[in-house]
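Read through the structure below, which is laid out as structure tokens, and then see the notes.
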Amino acid sequence: MKTYIPKNDEQNWVVVDATNVPLGRLATLIASRIRGKHRPDFTPNMIQGDFVVVLNAAQVALTGNKLDGKVYTRYTGYQGGLKTETAREALKKHPERVIEHAVFGMLPKGRQGRAMHSRLKVYAGEAHPHAAQKPQTLEVK
151 MKTYIPKNDE QNWVVVDATN VPLGRLATLI ASRIRGKHRP DFTPNMIQGD FVVVLNAAQV
211 ALTGNKLDGK VYTRYTGYQG GLKTETAREA LKKHPERVIE HAVFGMLPKG RQGRAMHSRL
271 KVYAGEAHPH AAQKPQTLEV K
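Just so we're aligned: the sequence shown equals residues 151 to 291 in the working numbering.
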């Protein structure tokens with residue numbers, strides 16, 4: 151009896167347009183593509199997912215009261231160094247990090263999850279430098 155070992159040499163590039171797409175819906179789609187769960191030969195202990203390029207991160211939609219109610223916190227390392235900002239402020243300053251934060255929370259924690267982080271490329275506008283990889287467009291329903 152032979153065991154089937156999936157090939158890990160296929161690395162597709164996918165472009166997703168984030169214009170008016172809810173953040174959570176977009177993040178779940180991206181995380182499953184990066185992880186490789188869309189493939190029939192998905193193996194949890196192998197990185198077989200696609201590279202995902204997200205465009206128009208500044209136009210991502212946040213439903214309900216999340217623009218003012220969702221708060222991102224970080225700690226500087228100094229006493230009293232807890233920094234907070236709302237989603238509205240974060241989208242103005244650095245819209246890429248909002249999508250990255252949502253997607254990275256859905257990826258596995260540990261060595262494999264950190265290796266998957268490099269497969270996500272987020273850009274605030276329409277332009278991206280990955281045209282040479284011939285990415286396919288992925289529609290978000």
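Ideal placement from N, C-alpha and C gives every residue a C-beta, glycine not left out. Small disclaimer: the values here were computed from a predicted structure and weren't measured.
Given that a residue counts as buried once 16 or more other Cβ atoms are within 10 Å of its Cβ, and exposed if not, what is residue i?
i	result
D218	exposed
V221	exposed
E250	buried
R185	buried
R224	exposed
R269	buried
Given this structure, state the Cα-to-Cα distance separating residue i from residue j, to the nearest angstrom.
i	j	result
K284	H267	21 angstroms
N162	G199	8 angstroms
L232	T193	39 angstroms
G263	L257	6 angstroms
K242	K291	26 angstroms
H244	K187	29 angstroms
F254	R175	14 angstroms
A168	D191	28 angstroms
G227	L212	30 angstroms
Can you round the beta-carbon distance between residue i and residue j to whole angstroms, since I take them to be within the 8 angstroms contact cut?
i	j	result
V148	L288	Not covered by the structure: residue 148. The range shown for the chain is 151 to 291.
A237	K259	Rounded, the Cβ-Cβ distance is 23 angstroms, inconsistent with contact.
Answer yes or no: do residue i and residue j have a C-beta to C-beta separation smaller than 8 angstroms?
i	j	result
A207	V272	yes
R183	V202	yes
L179	A252	no
A274	E239	no
L205	E276	yes
I197	A265	yes
Would you mind working out which of the options sits nearest residue i, comparing C-alpha positions?
i	options	result
Q235	V248, Q286 and P190	Residue 235 is actually Glu in this sequence, not Gln. Ranking V248, Q286 and P190 by Cα distance to E235 puts V248 first.
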